[in-house]
Structure formats: C-alpha cells, structure tokens
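In the working numbering, the protein residues as written are 53 to 322. Written out below as structure tokens is the structure these notes cover.
Structure representation (structure tokens):
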C-alpha cells in the first residue's frame, strides 16, 4: 500500500491567502535545543538529515513551513536547504522575539520589526515571506494597542516584502483583536486546551486564517487506553472549518509520516 499524502487536501490560508497543506512543518528543532518544552530531549539534525526531512515532507504533500528568529539557527539553515525550491513552499516566519545565550527577549518597535523582516529575508534567501506573525510575550492587547508592530507589518505587506501578517498570541482577546486588522492568528488548540476556540470561530466567520500550534500538546497529550491521541487530536482540529493548518514540529521521519497518514484519514472521513 502506498503512503497516504496530503496533496488532495490543500486549503486556502484565509480568504485571499495561498493554498496550504493541512499540516505544516515546524522547524524550531532545526535551530534550537535550549528552553524548549518537549517531553523528551533531542539532537538537532545535521544538514543531510534536515534535507531528507524536508524532502520527505514535500513528498508527503506538506508545503507549509514555519520558522522564526527565536528558533535559533532555523532561518539561516533553511535558506541554503531550500535553495531552488522557493515556489514549492509557503513560508511563515515571525517578529518580536529574539533568542540568544539561552534567553528570550522581546522587541515590538517599528525599527526592530523592519530590521527583523529584512534579516529573515536575507537568511531565508528570498525576496518575500508569505506570512509573518508577531511572536507575543503574552501581553497580547498591549502589543497590539501600544506598539508599532502591526502598522509596520502592514507597511511591509504594501511593499510586497510579506504576503500577509498576523499574530501568534496567548489570549482570546489578543487573537480576536489581531484578526480585526491582520490576516491570521496562530492559536493553541488541542485536547487539553480549547480556550481559544472563539478566535477560530471568528476567523471562520470573517474569512481570516488560523494556524494551530501545540496541536498535539507538544507531545504531552494523553487519553484513555485504546484511543489514538494523534487521531483524536486531529479529529478535534479538523472538525472546525476555521482551521487552515496545524504546525507540527517533529524531526522524526516516522512520526511525520504517521501524522500525515492520520490527517489524510481524518479528512477523507470528513
């Protein structure tokens, strides 16, 4: 039997966005192994392993890749790894959070936002990024109301340097506010945490995009014996019409193939 793929299940990322696979590949583990909340330790893959992972993702029908300056060397590694493949991928990156010497710091100023996007373009070896999200520190409404980050991203969109912008936040109020003026919200939504469902509902009603982070509760999800936690997680996500794609950060090829097969089964049933 051939391996199931996601090629038949692409959907628009919001009303006017590019068509994306229902699973996206998160790349924090390509660049950073400090200060990350996973149940097990891991080793950052070398270039050959990373190249094989990206090749497998494409063969399985994944065309969405999620990165960020806060993911250590992720962006600067992806640039060379994706050379010659720019049109095969929808790239999501972030602004607002920096990570160095094992510490995160945040800067939502206009100057830093513009600097960050220009640096991401350089690192990723591209002249545009499909979607840039604000990496919130948790003070969602303060960032949206009091900083220049959103107006600066809107200007960068007008300049053609980014295709769309949005917010990766931590609160319902922040997600709703972010979608009023932005194109996308990245929300936490899984079997353990469903607080941000209201943001997904709003997006579905207004043609905005939703990306889901921690879809598998960062590997921590547990259910009663006999229930497949991965399948149950994806059934929850994809029963909601507002969800465009779930970002899964595995570097294990078997896990990736299993996740793709499970999503294909769930979507075929729907």
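Just so you know, even glycine gets a beta-carbon here, dropped at the ideal spot from N, CA and C. Values in this document were obtained by computation on a predicted structure and should not be read as measured data.
| said: Tell me the residue span of the beta strand (DSSP E) that contains residue 219. | reply: The residue you call residue 219 lines up with position 167 of the chain shown. Where residue 219 is concerned, the enclosing beta strand (DSSP E) stretches over 217-220.
Quick one: what's residue 37 bridged to in DSSP?
Because the chain here runs from 53 to 322, residue 37 falls outside it and cannot be looked at.
DSSP on residue 285, reduced to helix/strand/coil?
Here residue 285 refers to the residue found at position 233 of the chain shown. Helix.
### Message
Please state the DSSP three-state secondary structure of residue 130.
### Response
Here the question's residue 130 lines up with position 78 in the chain shown. In the structure shown, residue 130 sits in a helix (DSSP, three-state: H, G or I).
Across which residues does DSSP place residue 64 in a beta bridge pair? Residue 64 sits at position 12 when you count from the first residue of the chain shown. For residue 64, which the question treats as bridged, DSSP gives the partners 71.
- Message: By alpha-carbon positions, which one of 200, 131 and 174 ends up nearest to residue 159?
- Response: In the chain shown, counting from the first residue as 1, residue 159 sits at position 107. When each option's Cα is compared against that of residue 159, the closest is 200.
Any idea what DSSP makes of residue 318, helix, strand or coil? The residue labelled residue 318 in the question sits at position 266 within the chain shown. In the structure shown, residue 318 sits in a helix (DSSP, three-state: H, G or I).
Under the three-state reduction of DSSP, which class applies to residue 99: helix, strand or coil? Residue 99 sits at position 47 when you count from the first residue of the chain shown. Here residue 99 sits in helix by DSSP.
With distance defined between alpha-carbon atoms, name the residue in 151, 121, 307 and 255 nearest to residue 68. Numbered from 1 along the chain shown, position 16 holds the residue referred to as residue 68. Cα-wise, what sits closest to residue 68 is 255.
N-terminal and C-terminal residue of the alpha helix (DSSP H) that residue 55 is part of:
To locate residue 55, count along the chain shown from 1; it is residue 3. No alpha helix (DSSP H) holds residue 55; DSSP gives it neither H nor E.
Exercise for review: Give the DSSP bridge partners of residue 119, in chain order.
Suggested key: The sequence position of residue 119 within the chain shown is 67, counting from 1. Per DSSP, none; premise fails for residue 119.
Rounded to a whole number of angstroms, what is the C-alpha to C-alpha distance between residue 117 and residue 146?
The residue given as residue 117 occupies position 65 in the chain shown. The residue given as residue 146 occupies position 94 in the chain shown. The alpha-carbon atoms of residue 117 and residue 146 are separated by roughly 12 angstroms.
If you count every other CB in all the chains shown that lies within 10 Å of the CB of residue 129, and 16 or more means buried, which is it? On the chain shown, position 77 is the one that residue 129 refers to. The residue is buried, with at least 16 neighbouring Cβ atoms inside 10 Å.
Beta carbon of residue 236, beta carbon of residue 176: below 7 angstroms? As a position in the chain shown, residue 236 is number 184, starting the count at 1. As a position in the chain shown, residue 176 is number 124, starting the count at 1. In this structure, residue 176 does not lie closer than 7 angstroms to residue 236 by Cβ.
Checklist line | Three-state secondary structure (DSSP) of residue 94 | finding: Locating residue 94 in the chain shown gives position 42, where the first residue counts as 1. It is coil, neither helix nor strand.
Where residue 214 sits in the DSSP three-state scheme = For this step, residue 214 is matched to residue 162 along the chain shown. It is a strand residue.
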